[in-house]
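Colleague: In this note's numbering, the protein residues as written are 263 to 376. Glycine included, C-beta positions come from ideal geometry on N, C-alpha and C. In this text the structure is predicted, and so the values were computed from the model without any measurement. Have a look at this one.
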């Protein structure tokens with residue numbers, strides 16, 4: 263899974279270049295606030311290695327339920343990159359996406375039955 267260069271934003275953390283991307287439109291689940299906002303990060307060089315997927319507690323800013331949401335700030339992206347590196351993410355090695363959950367899913371509305 264590679265981060266699309268189009269629409270991604272560059273960031274330098276501890277002297278290493280990365281690019282990050284928040285999906286512009288929410289997924290169906292994010293639109294209904296059943297799942298949280300997430301963003302993807304990868305190293306710029308070498309490209310196409312292990313991607314970092316970060317899940318936050320807040321809803322996607324484009325959710326359809328008009329739930330207030332905060333934008334993802336570069337400082338939060340840098341913090342997430344440092345935490346992922348501390349937890350074993352190896353951005354310069356090929357592999358499966360590394361998942362970093364920084365949110366509490368209980369803060370989001372859950373689907374109801376009945």
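#1: Pick helix, strand or coil for residue 333, following the three-state DSSP scheme.
#2: Is residue 363 buried or exposed, if buried means 16 or more other CB atoms sit within 10 Å of its CB?
#3: From what residue to what residue does the alpha helix (DSSP H) around residue 293 run?
#4: Is it buried or exposed, residue 292, if we count other Cβ atoms within 10 angstroms and call 16 or more buried?
#5: Please return the same chain residues whose Cβ sits closer than 6 Å to the Cβ of residue 284, not counting the five positions on each side in sequence.
#6: Could you pull the DSSP bridge partners for residue 278 from this structure?
#7: With a cut-off of 8 Å, do at least 3 Cβ pairs link the segment 349-358 to the segment 321-328?
#8: Can you name the residues that DSSP bridges to residue 283?
#9: Assuming residue 312 and residue 365 are in contact, meaning their beta carbons sit under 8 Å apart, how far apart are those beta carbons, in whole angstroms?
Modeller: Taking the structure as given:
#1: In the chain shown, counting from the first residue as 1, residue 333 sits at position 71. Three-state result, residue 333: coil.
#2: Against the chain shown, residue 363 aligns to sequence position 101. Result: exposed.
#3: In the chain shown, counting from the first residue as 1, residue 293 sits at position 31. 290-293 is the extent of the alpha helix (DSSP H) around residue 293.
#4: Taking the first residue of the chain shown as position 1, residue 292 is located at position 30. So residue 292 ends up on the buried side.
#5: Translated into positions along the chain shown, residue 284 becomes position 22. Within the same chain, residue 284 has close Cβ partners 301, 334.
#6: Numbered from its first residue, the chain shown carries residue 278 at position 16. For residue 278, the beta-bridge partners assigned by DSSP are 275.
#7: no
#8: Reading the chain shown from its first residue, position 21 is the one you call residue 283. Beta-bridge pairing links residue 283 to 302.
#9: Mapped onto the chain shown, residue 312 falls at position 50. Mapped onto the chain shown, residue 365 falls at position 103. Residue 312 to residue 365, Cβ: 21 Å. No contact.
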